[in-house]
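Heads up: the sequence shown runs through residues 753 to 1094, numbered per our numbering. All C-beta atoms in this analysis are idealised placements derived from N, C-alpha and C, irrespective of residue type, glycine included. Model, not experiment: these values are computed from the prediction.
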Amino acid sequence: MRSIFFLFVMALCACAAEPRDPADGCRADADCNPAGMEGRFCRVNGECGCLDDSGCGDREYCNTLGSCQPMSGCRSNEDCIEGEICDVALSECFEVSGDACRQDSHCRTGQICGPQQFCVQACRGDGDCGLYALCTEEGFCDDNLQCREDQMSRCGFGDRCLGGACVPNAGPNCRPCNPQLGDGDCTRGSDVAICLLYDLDDPDHRAPGGGQARGYCGEFCREDSDCPNGMGCGEVGLVDSSDECQTAADCAAGKPCMRGEGEVRGYCGCATDADCSAFSTASRCSQLVGRCGGPGLGGLRVPFLGPCQSDQDCEPVRCNEGGQCVVARNCGIDEGVMCSSF
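This is the structure we're talking about:
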C-alpha cells in the first residue's frame, strides 16, 4: 500500500511542477515562452531561440540565426520612443519638431521634405498631392488641374483632356455610320474620320433585325491622347470585303485567312507589302478633296484618310506582322468597350 501512495504523490508532484526558466535551458517550446510569450522555440541543444521579433525584448530584433540581439537604429516608427519618428534611410530616430522632416513621407499632403529638412509646399509627383489634384510641371499641386494628356483615364468615358480639363468628345468619334455607304456619316464640316467596322460576329454589334453589322466613326490620330477615354490610337486595317474566306486554302498562295477568335468567316490578308497594292491609293494625295486615299484598283473602296497637300503627306500602305494591310492611324474603341458607353 505504501508503494502505491508513493507513486500517486510523485505523479501529483510532476503535474504541479513550475515552468523552467529559459535561462536554465529548455526541453519544449513552452519552456521558452513563459507567461504567454510567443515567438520563441526550443533548440535541439536545449537553448531557446527566436522565430521573429516578437520573441525578443524591447530594442532587440531576431537575427537570421534565430537569436535576439540589440537593435542599432530603427526600421519603423514603432522602434522609436514617443515624440520621435524613424528615418528608415539612415535607420535613425529623430525628434519631431514642427515641420521637421527627413523624407517626403514625414510631410503632409501637398508637401515634400525640402533641402533644409523642413516640409515645404511642393510636389515631385501626383502621389504628393490630394485626391483631386495633380502635380504641375513647376512642382506644385493644382486642385484645378483635372487631367493631363498622358493620363486620359482620369476623364470619363468619351471625354478628352484638353488644357488640363476633361471635356466631352465633340468630334465624330463613335458616331454611328453605315460601312456600306462609305464615310459620309463621319465627314461633316471640318470633321475628318472614317467608318470602322465593329466585330462582325459580336451579336451586341448587330444592326436591329439582324442586318449588316453597324459601324462607328473614328478620327485620325497620332497618339492615344488624341482620342477620348475608351478609345486608343491604332493603325487602320484595310480589307477587301469581297475576298472572304474560312481557311487559308480559300486565299491566294501565301495569304492568311484573317479570322477573329470564334469567328466562322474572315477576309484574306497579306504576306508581303506587294499584296496590299490594291489599296495603294491610300498612300496618294487626292488633290480634289485634299486628303489621302480614294477609289482603289478594280473599283475597291479605299477611304479618304488624313488631310494632305502632296503624296509625301500620306503614309505608305504596308503588310504588318499580323498579315493585314495597314495605313495611317485612327481612334478605335478599346477591347470590351462599346460606343453606347460614352
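Scanning its chain for C-beta atoms nearer than 6 angstroms, with the 5 sequence neighbours on each side dropped, one finds around D856 the residues I864, C865, in chain order. According to the DSSP assignment, C985 belongs to the beta strand (DSSP E) that extends over 983-990. Between C871 and R854, the gap from beta carbon to beta carbon reaches 8 angstroms or more. Non-local beta-carbon contacts of N829 in its own chain, meaning distances under 7 angstroms to residues more than five positions away in sequence, involve I837, C838 in chain order. Shown here for E975: same chain residues with a beta carbon closer than 6 angstroms to its own, the five before and five after excluded, namely C985 in chain order.
When secondary structure is reduced to three states using DSSP, G807 falls in the helix class.
Beyond the five residues adjoining it in sequence on each side, D937 comes within less than 6 angstroms, by CB distance, of C929 in the same chain, given in chain order. The residue from Q1076, Q998, I833 with its alpha-carbon nearest to that of L990 is Q1076. Secondary structure note for R900: it is in no beta strand (DSSP E), with a DSSP letter that is neither H nor E. In the three-state reduction of the DSSP assignment, F1031 falls in the helix class.
Secondary structure at A782: helix, using DSSP grouped into helix, strand and coil. One alpha carbon belongs to S1029, the other to D992, and they sit about 12 angstroms apart. Exclusion of the five residues before and after G1018 leaves E996, C997, Q998, C1009, M1010, R1011, G1012 as the residues of its chain whose Cβ lies within less than 8 angstroms of its Cβ. Annotation: the continuous beta strand (DSSP E) that includes P920 extends over 917-920. Contact annotation: C893 and C881 have beta-carbon atoms nearer than 8 angstroms. For Y968, the enclosing beta strand (DSSP E) has its first and last residue at 967-971. Annotation: the continuous beta strand (DSSP E) that includes Y813 extends over 812-814.
No Cβ-Cβ contact shorter than 8 angstroms links C802 with G809.
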